[in-house]
Amino acid sequence: MSDPVKSVVVIEDEAQIRRFVRTALEAEGWRVFEAGGVKQGLVEAGTRRPDMVILDLGLPDGDGVDFLRDLRTWSSVPVIVLSARSDESDKIGALDAGADDYLTKPFGVGELLARVRVAQRRMQSADGRDPVFRFGEVSVDLAARVVSKAGIAVHLTPIEYRLLACLITNAGKVLTHRQLLLDVWGPSHVESSHYLRIYMSQLRQKLEDDPTQPKHLLTETAVGFRLVA
Amino acid sequence: MPTHRDNRPNPDSLLQRVQREAAQAERGRLRIYFGSSAGVGKTFAMLATARKLQSEGREVLVGVVETHGRSETAALVEGLPLLPQKQIEYRGNMLSEFDLDAALAARPSLILVDELAHSNVPGSRHPKRWQDVEELLAAGIDVFTTLNVQHLESLNDVVGGITGIRVNETLPDTFFDSADEVVLVDVPADELLARLKAGKVYLGTKAEQAAQNFFRKGNLMALRELALRRTANRIEDEVQAYRSDQAIAGVWKTEAALLCGVGPDAGAEHVVRSAARLANQLNVAWHAAYVETPALQRRSEAARERILRTLKLAQELGATTTVLTAHNGAEGLIGYARSRNLSKLVIGRSGRVRQWPWVRRLHEQIASQATDIDILEIGRGAAGRAEALDAGATQDSTPGRTQMRDEAMRIRPYRYALSAAVCMLTTLLLTPLRHYLDQANIVMLFLMMVALVAVKIGRGPAVLAAFLCVGAFDFFFVSPRLSFAVADVQYLVTFVVMLAVGLIIGQMTASLRFQASAALSREGRSRALFEFAREMSTVLEVPTLIDMAQTAVAREFHAEAALLVIDAHSQLQLSNAAVDIGTAQWAFDRNLPAGLGTDTLPGSPFLYLPLKTSMRTRGVLAVKPVNPRFLMIPEQRRQLETFGALIAIALERVHYIEVAQEAVLRIESERLRNSLLSALSHDLRTPLSVLYGLAETLPLTAPPLSDAQRAVADAIQIEAKRMGALVNNLLDMARIQSGDIHLNLQWQPIEEVVGTSLAATKTSLASHNIETQMAAGLPLVRYDAVLIERVLCNLLENAAKYTPAGSTLRVIAAPDGSMLKVCVADNGPGLPAGQEEAIFEKFARGEKESDKPGVGLGLAICRAIVSAHGGRIRAAPASTTGATFCFTLPLGEPPQVPEEMDSSSENAQ
């Protein structure tokens, strides 16, 4: 990478996890700062101005979600959450509080690095945005509002289009049902997740090769959706 | 013009009808063959109908039929199945009786039970046959039975008046009225007499006797009229019921009701019967009340028992009965009538001649105090007249007086001697003082003595003392002394006043004393109740409660007491061997008192009271009094019932304490389990994450690993991953086992979970071909995405595990009736035959001692998850073309999504 060395803050109370995360990230060329708790994490995040934060949700001195809320008041740095709990509401809470992605323990290093890369790319593309977004054979011209698949124009209803545009804007990021409903349907429909599912399914029918095995419009079970280019 | 409203049936009466029909649906139907006298052919008619029904295929059983040796009737019984009679030994004789238990056990569709008013042999379950019939009906068995008009309770005395013969076997009118059908069997009097002469009714000399006593033409005609009228009344009721069903009548009766004041006199029974007839004719509900005034409290036990009997009779005749306590009769009756909105009051005419001009009779008192209440005064019946005549011989017609005499008899004579002695002593003491004291003062001292006698000794001795004092005063103090002659006429006034004042003082003090002692015993009862209530309110455990209650009841009622309480399975627990568990169970099941002093098994030494609470019956209190009459006293019986109610409340309270404790315990253990599970999940997963991550990052460290080292690192990683999956399964199983799977149900398309499952198992399925077949237009299904994903992942991973590389796995979803069916099929070797069910058991695996990894929890978890969703999972029967696992999810009605207004034909604008 041409940029100066990028830095990441890993906030995790388990030293052994910090250790292998550090090993993996350093192998990718990151500069890693470690923190064992919420307070130290906030100090590190404030002083190091990192390009990425990896945050464990179960910390001894506080809740990871509180850290996120605090962080989001002054920084938009990408945050990947690590969760040992299989309860989906924790992840949704973290995502709604501003996390970009999540991983459930036990997770693989390869998976972690892939998520880190996606989040990083998203940050970069946010700077100089190309009006035409491409995934698979689909290209979406956000300026002209034209969607085509393999060169053939695809007709989308206004809601389908709004949903797609929302996913494209946050490409790579997990969007919770709540976030998507709020964005596309407005605050009065945040509980109507079946709306979202029906339109998502319609989008898949129109844009995916095999809607039952989607490659781009992915479901994050019980949490939300994500667009992967 | 009647408005539309008038034609609408009254909702209350409709509700009554619905309740009536609901009750009748379960009960058997009762048909009564009703006749004016013996010999009209009731049994014959009943048997003829039964034969006809039998030929139509009804299952008919003859419970009991009295042929009275009539050959025609006996011929009809032939061919009908006969229930053997029960043999009961009574005073050395073997008597045969209708066998209720055998009839209940046989459960025929229809049973014939002759002579409804028959009294059972002592020792039977019920004293009356109609109570047996009631039990048969309650068991859902239809009953045909017969009845003569003279056996009807309300007509009993009328018939007695006509024929001069009173029958003891009577049937409550309420039971007669509750019959589903009444068939009148009618024969003109002449024909009946002709039959009697022909020997078709009674045989031989019995026929002659009957003809002389009962079968007189006049009697028969009167009886026939009564039977016809009673039937007509019933039919009128039926018409009324029909009308109210069909809403023919436009006007609905307001709920008027009748109150019958039960007096202490013997004529009260007649008044009660008259009131019952009147209520029946007016078709209104009726109440019977006995007012217990201080004066009436003094009555003997026998008199009080009669009152109780009268009230019981009223209850049998369909009245709501009550005992009121009031200062005087008029007050009590008016208060009760006002509180219940009873506009008509029926009272008996007082038998006694007006004693004093200023004492107003009951009806006069009521009339002046409550001008809005109609009063019906009923003449004294035949019984009352007879008794009056009997009593007249002893010149004492009122039971009250008789009672006073009884009381006087009971007071031992030495009291009178004592009273006389006190008089003599006073006279002796006063004699030397006569020179120093004025005669007026001597009179005063005598009066004081009378008052003291009244207070200390009693009413009778005080009366004696009053007379003796006057005599002594005259004899010893008034000149001429030592003679009853009186010189000055002035003294006559003194004597009269002295006597009157003495008597009045004596009466009043004694009456006060009586009231004080009555108040004392009332207070004693209240205190016992209060103490018992306090004891009961502190109990926390059932065994302590049983002990305390038994002790308290035994102490208070001088009786042996046993408390039978239900256990966790609603079974009565026997605590005392002397108690008959069968009777207790009967009382418990019917929620009715049984045993001593009741209609059911009155011969039992125990009285069984069900302990009712608002929620359910919680047990039975069995009481065996030392003196059975003690419990017949209404106050004692009421006291016992109140004790029962207190015990019931305490039992319920203890029950709820237990329930609350259990709930707290359950919540606590659930909390503990949850925290344990989440701690376990954290503590197991964290080291696994570390192991997995470290093994994965091992090759990234410098210097680079050798191939052998790299292989070890890979192996560690793979095993750590497997271990992770195992831990997940174990934790899931633990959660499911603990019984609380909280489903996060959402309406979502099934292909969504198929997609995520395939993505999650991508690595395991890398060497297999995957096909998906989703039926077109599948609706949304309501499921928990995480859990169903686990089901699909388990099925897919299983399929991958047990099939060779390159096999094809198919995921198929299609509607199947009201369910959505999702199948995972492979073209591998298939399941071993006969294992389709067994593989869903915990720790079951397709092959024993297999080299395939896994503990075999996967399918058990799948089954638990699917059944929590209301679906089923199963393996298709073994076949050589591969294994197929299918599960179903209920389809339901998905919520609607508003159609989008897509006005633009193109999305580009």
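Heads up: the protein sequence lines correspond to chains A and B, in order.
Using numbering that gives the first Met the number 0, the first residue of the first sequence is number 0, and each one after it goes up by one.
Using numbering that gives the first Met the number 0, the first residue of the second sequence is number 0, and each one after it goes up by one.
Note that CB positions come from ideal geometry on N, CA and C, so glycine has one too.
Tell me which residues of the region 659 to 691 of chain B have at least one Cβ-Cβ distance to chain A shorter than 9 Å, keeping chain order. Listed in sequence order: 677, 680, 681, 684, 685, 686, 687, 688, 689, 690, 691.
Residue 217/B in three-state terms, based on DSSP: Counting from one through the second sequence, the residue named residue 217/B turns up at place 218. Helix at residue 217/B.
Taking C-beta pairs closer than 9 Å, name the residues in chain B that residue 196/A reaches, listed in chain order. Along the first sequence, read from residue 1 onward, the residue named residue 196/A stands at position 197. 745, 746, 747, 748, 751, 779, listed in chain order.
Output, in chain order, the set of chain B residues within a Cβ distance shorter than 7 Å of residue 33/A. Here residue 33/A refers to the residue found at position 34 of the first sequence. Near residue 33/A there are no residues of chain B at all, since even the closest Cβ is about 15 Å away, more than 7 Å.
Could you name each continuous alpha helix (DSSP H) segment of 4 residues or more that falls completely within the region 16 to 47 of chain A, going from the start of the chain to the end? Entirely contained in the region 16 to 47 of chain A, the alpha helix (DSSP H) runs reaching 4 residues are, in chain order, 37 to 47.
First and last residue of the alpha helix (DSSP H) that includes residue 540/B? As a first step, residue 540/B is located in the second sequence; it is residue number 541 there, counting from the start. Here residue 540/B belongs to no alpha helix (DSSP H), and DSSP marks it neither H nor E.
Scan the region 887 to 900 of chain B for residues whose Cβ lies nearer than 8 Å to a Cβ of chain A and list them as they occur along the chain. For the region 887 to 900 of chain B, the set of positions with a beta-carbon nearer than 8 Å to some beta-carbon of chain A reads 893, 894, 896, 899 in chain order.
List, in order along the chain, the chain A residues whose C-beta lies closer than 8 Å to that of residue 807/B? Reading the second sequence from its first residue, position 808 is the one you call residue 807/B. Chain-ordered listing is empty here: chain A has no CB closer than 8 Å to the CB of residue 807/B, the nearest sitting near 14 Å.
Contact list for the region 4 to 15 of chain A against chain B, Cβ threshold 8 Å: Listed in sequence order: 13, 15.
Please list the partners that residue 20/A has in chain B, where partner means a Cβ-to-Cβ separation under 9 Å. Counted from its first residue, the first sequence places residue 20/A at position 21. The contacting residues are 692, 696.
Taking Cβ to Cβ, would you say residue 316/B is nearer than 7 Å to residue 335/B? Taking the first residue of the second sequence as position 1, residue 316/B is located at position 317. Taking the first residue of the second sequence as position 1, residue 335/B is located at position 336. Not closer than 7 Å, so no.
What residue does the alpha helix (DSSP H) around residue 101/A start on, and which one ends it? As a first step, residue 101/A is located in the first sequence; it is residue number 102 there, counting from the start. Where residue 101/A is concerned, there is no enclosing alpha helix (DSSP H), although the beta strand (DSSP E) it sits in stretches over 100 to 103.
Residues in the same chain with beta-carbon distance under 8 Å from residue 719/B, minus the five sequence neighbours each way, listed in chain order, please. Working through the second sequence from its first residue, we reach residue 719/B at position 720. Closer than 8 Å at Cβ, skipping near neighbours: 687, 690, 691, 694.
Length of the line joining the Cα atoms of residue 94/A and residue 133/A: Looking up residue 94/A in the first sequence gives position 95. Looking up residue 133/A in the first sequence gives position 134. For residue 94/A and residue 133/A, the distance between alpha carbons rounds to 25 Å.
Report yes if the CB atom of residue 923/B is closer than 7 Å to the CB atom of residue 799/B, and no otherwise. Coverage of chain B is limited to positions 0 through 908, which leaves residue 923/B absent and any answer about it impossible.
Alpha carbon to alpha carbon, how far is residue 155/A from residue 202/A? As a position in the first sequence, residue 155/A is number 156, starting the count at 1. As a position in the first sequence, residue 202/A is number 203, starting the count at 1. Rounded to the nearest angstrom, the two C-alpha atoms are 8 Å apart.
Same chain only: Cβ atoms within 7 Å of residue 651/B, ignoring 5 sequence neighbours per side: For this step, residue 651/B is matched to residue 652 along the second sequence. Contacts found: 612, 614, 617.
How would you list, in chain order, the residues of chain A whose beta-carbon sits under 8 Å from the beta-carbon of residue 771/B? Here residue 771/B refers to the residue found at position 772 when the second sequence is read from its first residue. Chain A residues near residue 771/B: 209, 211, 212.
Is the Cβ-Cβ distance between residue 897/B and residue 818/B less than 7 Å? Mapped onto the second sequence, residue 897/B falls at position 898. Mapped onto the second sequence, residue 818/B falls at position 819. Contact flag unset, no.
Could you tell me whether any Cβ in chain B is nearer than 7 Å to the Cβ of residue 175/A? In the first sequence, counting from the first residue as 1, residue 175/A sits at position 176. By the rule that beta-carbons nearer than 7 Å mark a contact, residue 175/A does not touch chain B.
Let me check understanding here. Comparing Cα to Cα, which of 595/B, 756/B, 100/B lies closest to residue 630/B? Taking the second sequence and counting its residues from 1, one reaches residue 630/B at position 631. Check the Cα spacing between residue 630/B and each of 595/B, 756/B, 100/B: the tightest is with 595/B.
Between the CA atoms of residue 562/B and residue 545/B - distance to the nearest angstrom: The residue you call residue 545/B lines up with position 546 of the second sequence. The residue you call residue 562/B lines up with position 563 of the second sequence. Straight-line spacing of the CA atoms in residue 545/B and residue 562/B works out to 6 Å.
Check whether the region 40 to 49 of chain B and the region 139 to 151 of chain B are in contact - that is, three or more C-beta pairs closer than 8 Å. By the Cβ test, the region 40 to 49 of chain B is in contact with the region 139 to 151 of chain B, since at least three Cβ pairs between them sit closer than 8 Å.
Smallest Cα separation from residue 86/A: which of 233/B, 677/B, 525/B? If you number the first sequence from 1, residue 86/A lands on position 87. Of the listed residues, the one whose Cα sits closest to residue 86/A is 677/B.
Indicate the three-state DSSP secondary structure (helix, strand or coil) for residue 50/A in the structure shown. Numbered from its first residue, the first sequence carries residue 50/A at position 51. Note: residue 50/A maps to coil in three-state DSSP.
Is residue 72/A near the ligand ATP, with its Cβ less than 6 Å from a heavy atom? By its list of ligands, the structure shown contains no ligand whatsoever, and the ligand ATP lies outside what it can speak to.
Please identify, using Cβ separations under 7 Å, the residues of the region 778 to 805 of chain B that lie next to chain A, in order along the chain. Within the region 778 to 805 of chain B, the qualifying residues are 779, 784, 785, 788.
Please state whether DSSP places residue 92/A in a helix, a strand or coil. Taking the first sequence and counting its residues from 1, one reaches residue 92/A at position 93. DSSP places residue 92/A in the helix class (H, G or I) of the three-state scheme.
Any idea if residue 215/A is buried or exposed, counting beta-carbon neighbours within 10 angstroms, 16 or more meaning buried? Translated into the one-based positions of the first sequence, residue 215/A becomes position 216. Classified as buried, residue 215/A has 16 or more neighbouring CB atoms from the shown chains inside 10 Å of its CB.
Chain-ordered chain A contacts of residue 723/B [CB-CB under 8 Å]: For the purposes of this step, residue 723/B is taken as residue 724 along the second sequence, with counting starting at 1. Within 8 Å Cβ-Cβ: 105.
Name the chain B residues whose beta carbon is nearer than 8 Å to that of residue 57/A? For the purposes of this step, residue 57/A is taken as residue 58 along the first sequence, with counting starting at 1. Per Cβ cutoff of 8 Å: 681.
Span of the alpha helix (DSSP H), counted from its first residue to its last, around residue 425/B: Along the second sequence, read from residue 1 onward, the residue named residue 425/B stands at position 426. Counted as a single uninterrupted DSSP element, the alpha helix (DSSP H) harbouring residue 425/B occupies residues 413 to 429.
Segment contact, 8 Å Cβ cut-off, at least three pairs: the region 104 to 116 of chain B with the region 59 to 77 of chain B: Segments in contact, yes.
Alpha carbon to alpha carbon, what distance is there between residue 82/A and residue 753/B? Looking up residue 753/B in the second sequence gives position 754. Looking up residue 82/A in the first sequence gives position 83. Rounded to the nearest angstrom, the two C-alpha atoms are 24 Å apart.
Does the Cβ-Cβ distance between residue 188/A and residue 179/A come in under 7 Å? If you number the first sequence from 1, residue 188/A lands on position 189. If you number the first sequence from 1, residue 179/A lands on position 180. Result no, Cβ atoms of residue 188/A and residue 179/A do not sit closer than 7 Å.
Note down, in chain order, all residues in the region 108 to 119 of chain A with a beta-carbon under 9 Å from any beta-carbon belonging to chain B. Residues of the region 108 to 119 of chain A with a C-beta less than 9 Å from any C-beta of chain B: 108, 109, 111, listed in chain order.
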